[in-house]
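Trainee: Residue numbers (the numbering used here): 12 to 581.
(1) From the DSSP output, which residues share a beta bridge with residue 119?
(2) Quick check: residue 201 and residue 234, are their CB atoms within less than 8 Å of each other?
(3) Mind reading off the beta-carbon distance from residue 222 to residue 189? Whole number of angstroms is fine, and I expect it under 8 Å.
(4) So is residue 115 buried or exposed if we call it buried at 16+ other beta carbons inside 10 Å?
(5) Is it buried or exposed, residue 507, if we count other Cβ atoms within 10 angstroms and call 16 or more buried?
(6) Assuming contact is defined by CB atoms lying nearer than 8 Å, are residue 298 and residue 290 in contact in what I supplied?
(7) Mark residue 35 as exposed unless 16 or more other C-beta atoms lie within 10 angstroms of its C-beta, in which case mark it buried.
(8) What residue from 136, 182 and 209 has the CA that sits closest to residue 65's CA?
(9) Measuring only the C-alpha atoms, how far is residue 278 from residue 435?
(10) Any idea what DSSP makes of residue 221, helix, strand or coil?
(11) Return the residue from the list 306, 437, 243 and 548 that minimises the CA-CA distance to residue 414.
(12) Assuming residue 451 contacts residue 219 under a Cβ cut-off of 8 Å, what Cβ separation, rounded to an integer in Å, is found between them?
(13) If you compare alpha carbons, which of 300, 145, 213 and 329 is closest to residue 314?
(14) By the DSSP assignment, the alpha helix (DSSP H) with residue 513 in it spans what residues?
(15) As a quick exercise: from 482, 501, 502 and 521, pick the residue whose alpha carbon is nearest that of residue 128.
(16) Starting from residue 373, trace the alpha helix (DSSP H) in both directions and tell me its first and last residue.
(17) Measuring only the C-alpha atoms, how far is residue 573 from residue 175?
(18) Count Cβ pairs between the stretch 397-405 and the stretch 522-537 that sit closer than 8 Å; are there 3 or more?
(19) Hey, out of 488, 285 and 461, whose CA is closest to residue 122's CA?
(20) Hey, out of 91, 543 and 447, whose CA is closest to residue 337's CA?
(21) Under the rule that 16 or more other beta-carbon atoms within 10 Å means buried, what is residue 83, buried or exposed?
(22) Inspect the beta-carbon positions of residue 388 and residue 447 and report whether they are closer than 8 Å.
(23) Does the beta-carbon of residue 392 have 16 or more other beta-carbons within 10 angstroms, so that it is buried, or is it exposed?
(24) Assign residue 341 to one of two classes, buried (16 or more other C-beta atoms within 10 Å of its C-beta) or exposed (fewer than that).
(25) For residue 81 and residue 197, I'd like the C-alpha separation in whole angstroms.
(26) The alpha helix (DSSP H) with residue 544 in it runs from where to where?
(27) Tell me the residue span of the alpha helix (DSSP H) that contains residue 498.
(28) Using CA coordinates, which residue listed in 166, 228 and 57 is at the minimum distance from residue 372?
(29) Have a look at residue 426 and residue 369 and give me their C-alpha separation to the nearest angstrom.
(30) At the level of alpha carbons, what is the spacing between residue 535 and residue 553?
(31) Taking the alpha carbon of residue 440 as the point to measure from, which residue in 380, 159 and 246 has its own alpha carbon closest?
(32) Go to residue 459, then tell me how far its alpha helix (DSSP H) extends in each direction, as first and last residue.
(33) According to the neighbour-count rule (16 or more other Cβ atoms, all chains shown, within 10 Å of its Cβ), is residue 118 buried or exposed?
(34) Thinking C-alpha only, which one of 409, 490, 476 and 500 is nearest residue 430?
(35) In angstroms, rounded to a whole number, what distance separates the CA positions of residue 143 and residue 184?
(36) Check whether the Cβ atoms of residue 582 and residue 541 lie closer than 8 Å to each other.
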């Protein structure tokens, strides 16, 4: 598999031939203006081809990019599996008996403060990991960053497996949260940078499918362990976390690095080799790797003109402040529209009156919908529905169902079981709408709203706001649902429904439509401060914009140096 992905001698010869042709067409170091004109001409040709590329053409040209993106996104399957364990163990009798306290009715329960602490431990670790990711992935590249995280995670899983008290579990959650935070953003960034516009929405949203797969596996394993009465009922699920890191690390070692990252580092010859490894040129004769690299260089030059630096502070300066705000809110709205509430589905349904078996059965259905819903979202995007449209209408549906959940709390106790079944059904309906819209589309939006130079850091800031909101929710939700605390039960739906309505108002006025736009076009639209509601209808020509000359000069130098090397070895 890896050998097939290596650049063949024939492909290398073709690349050299293309480079020579490019040089003769205008890579003349003695006349920078001609070189710059050639770069812009090639970049425009690549952009035009991306605009005209259909979904099937993209699949035929980039099958290797799809494979490598899917492989790296599998890190989220592992994370979804790991994270699903802690929240769903709260309704697990054997787990509660080991780590919980005896209540007045003779059952064991994890106290609300410790539920909040355990749920937020991973979020705290993720915040640390996310900030670290903003530096290390930009310095060392995506591949080596992920491999390092997998090695770290392998050691930390041992703490889960051997934990004798909730304090040890909390330490494991925090330590494992560091690599989990890195996976949350680096998978999206990689997916958005290895594919063309036609595939970008699908590969970035596939990350959400991976969350669903991991959660489904996790809840399925817990469900299978319900009949066990010994400590292995919860230790086996923890031990199964070890099956992921090693095969993932081996596969990712052979993956090509993001060509966009290599361009930002000035390693254009490696960027072209990476791009060739991501494509199957024999299936699409119109593709030209040099043109695509030129488009990446032109976009980088354009962004250097717009954005002075590439630090976290630069995310809050000038045009990028608006882009950072949108990315942060797109992430936060996931938690503000009831997502954190749904993560406690088994515990919530148990408090609503269902048995453990029925609670976990409903949760299995909910997580299955998490997977299927992603494909439904792909279908809606294929029909031409934009990200903004799906996001707004999805929020409207979620808000409505949250209020319905609240009203079900008014059902008399004599009909408690029927109300509990209705609650479970509504939660499954909520999960379907969420995955068709907000839950899936957010992954595409955060990968498109930020500039290439600041993408890692912008997505990190957004995901960290998501985690901060998650921490607040993680403190509030156990108190809302726990019978020894506030015991709101279904009335929690009113609380989240009201917040979801505020999110609808924000989204209508602030969220733009990125569908069908190249990264350079989005840069220009933000630079011109186009209203969010006018993004889709505004026409732009990025090749009439001025760019940062030093980046173009650097491209010229690398092109000439590479040509000299190939001529010297000919």
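Each residue gets a CB set at the ideal place from its N, CA and C atoms; glycine is no exception.
In this text the structure is predicted, and so the values were computed from the model without any measurement.
Mentor: On the basis of the supplied data:
(1) Taking the first residue of the chain shown as position 1, residue 119 is located at position 108. DSSP, once it has assigned bridges, lists 113 as partnering residue 119.
(2) Taking the chain shown and counting its residues from 1, the one referred to as residue 201 is at position 190. Taking the chain shown and counting its residues from 1, the one referred to as residue 234 is at position 223. Not closer than 8 Å, so no.
(3) On the chain shown, position 211 is the one that residue 222 refers to. On the chain shown, position 178 is the one that residue 189 refers to. About 19 Å separates the two Cβ atoms, so there is no contact after all.
(4) Taking the chain shown and counting its residues from 1, the one referred to as residue 115 is at position 104. Looking at its Cβ environment, which holds fewer than 16 other Cβ atoms inside 10 Å, residue 115 is exposed.
(5) If you number the chain shown from 1, residue 507 lands on position 496. With 16 or more Cβ atoms within 10 Å of its Cβ, residue 507 is classed as buried.
(6) Within the chain shown, the letter at position 287 stands for residue 298. Within the chain shown, the letter at position 279 stands for residue 290. Going by C-beta atoms, residue 298 is nearer than 8 Å to residue 290.
(7) Residue numbering aside, residue 35 sits at position 24 when the chain shown is read from its first letter. For residue 35, the pLDDT reaches just 36, beneath the cut-off of 50, and the residue's location in the model is therefore unreliable, leaving the point undetermined.
(8) Locating residue 65 in the chain shown gives position 54, where the first residue counts as 1. If we check each option's Cα against that of residue 65, 209 comes out closest.
(9) The residue labelled residue 278 in the question sits at position 267 within the chain shown. The residue labelled residue 435 in the question sits at position 424 within the chain shown. Each residue's alpha carbon lies about 53 Å from the other.
(10) For the purposes of this step, residue 221 is identified with residue 210 of the chain shown, where counting begins at 1. Residue 221: helix per DSSP, three-state reduction.
(11) Within the chain shown, residue 414 is the residue found at index 403, counting from 1. It is 437 whose Cα lies nearest to the Cα of residue 414.
(12) Translated into the one-based positions of the chain shown, residue 451 becomes position 440. Translated into the one-based positions of the chain shown, residue 219 becomes position 208. Going by Cβ atoms, the distance from residue 451 to residue 219 rounds to 5 Å, so yes, they are a contact pair.
(13) Residue 314 sits at position 303 when you count from the first residue of the chain shown. Comparing Cα-Cα distances from residue 314 to each of 300, 145, 213 and 329, the minimum goes to 329.
(14) By one-based count along the chain shown, residue 513 stands at place 502. 503-521 is the extent of the alpha helix (DSSP H) around residue 513.
(15) Along the chain shown, read from residue 1 onward, the residue named residue 128 stands at position 117. Checking every option, the nearest Cα to that of residue 128 belongs to 482.
(16) In the chain shown, residue 373 corresponds to position 362, counting from 1. Its alpha helix (DSSP H) spans residues 367-393.
(17) Indexing the chain shown from 1 puts residue 573 at position 562. Indexing the chain shown from 1 puts residue 175 at position 164. With a pLDDT of only 45 at residue 573, under 50, the local geometry of the prediction cannot be trusted, and the value read off the model is given with reservation. Their Cα atoms are separated by approximately 59 Å.
(18) yes
(19) Residue 122 sits at position 111 when you count from the first residue of the chain shown. Here the closest residue by C-alpha is 488.
(20) Position 326 of the chain shown, counted from the start, is the residue given in the question as residue 337. Out of 91, 543 and 447, 543 has the C-alpha closest to the C-alpha of residue 337.
(21) Counted from its first residue, the chain shown places residue 83 at position 72. Buried.
(22) Against the chain shown, residue 388 aligns to sequence position 377. Against the chain shown, residue 447 aligns to sequence position 436. Going by C-beta atoms, residue 388 is nearer than 8 Å to residue 447.
(23) Here residue 392 is taken as the residue at index 381 of the chain shown, counted from 1. Residue 392 should be labelled buried.
(24) Looking up residue 341 in the chain shown gives position 330. Residue 341 should be labelled buried.
(25) In the chain shown, residue 81 corresponds to position 70, counting from 1. In the chain shown, residue 197 corresponds to position 186, counting from 1. Their backbone Cα atoms lie some 13 Å apart in a straight line.
(26) Here residue 544 refers to the residue found at position 533 when the chain shown is read from its first residue. Looking at the DSSP string, residue 544 is not in any alpha helix (DSSP H), and its letter there is neither H nor E.
(27) The residue given as residue 498 occupies position 487 in the chain shown. Taken as a continuous stretch (DSSP letters only), residue 498 belongs to no alpha helix (DSSP H), as it is neither H nor E.
(28) By one-based count along the chain shown, residue 372 stands at place 361. Taking only the C-alpha atoms, the option nearest residue 372 is 228.
(29) For the purposes of this step, residue 426 is taken as residue 415 along the chain shown, with counting starting at 1. For the purposes of this step, residue 369 is taken as residue 358 along the chain shown, with counting starting at 1. Rounded to the nearest angstrom, the two C-alpha atoms are 17 Å apart.
(30) Along the chain shown, read from residue 1 onward, the residue named residue 535 stands at position 524. Along the chain shown, read from residue 1 onward, the residue named residue 553 stands at position 542. Whole-angstrom Cα-Cα distance: 7 Å.
(31) Position 429 of the chain shown, counting from 1, holds the residue named residue 440. Selected option, being the one with the closest Cα: 380.
(32) Walking along the chain shown from the start, residue 459 turns up at place 448. Taken as a continuous stretch (DSSP letters only), the alpha helix (DSSP H) holding residue 459 covers 449-460.
(33) The residue labelled residue 118 in the question sits at position 107 within the chain shown. Residue 118 is exposed by the Cβ-count criterion.
(34) Sequence index remark: in the chain shown, residue 430 carries index 419 (1-based). Taking only the C-alpha atoms, the option nearest residue 430 is 500.
(35) Numbered from its first residue, the chain shown carries residue 143 at position 132. Numbered from its first residue, the chain shown carries residue 184 at position 173. Straight-line Cα distance between these residues: approximately 17 Å.
(36) Residue 582 cannot be examined here, being either before or after the span of the chain that is shown, 12 to 581.
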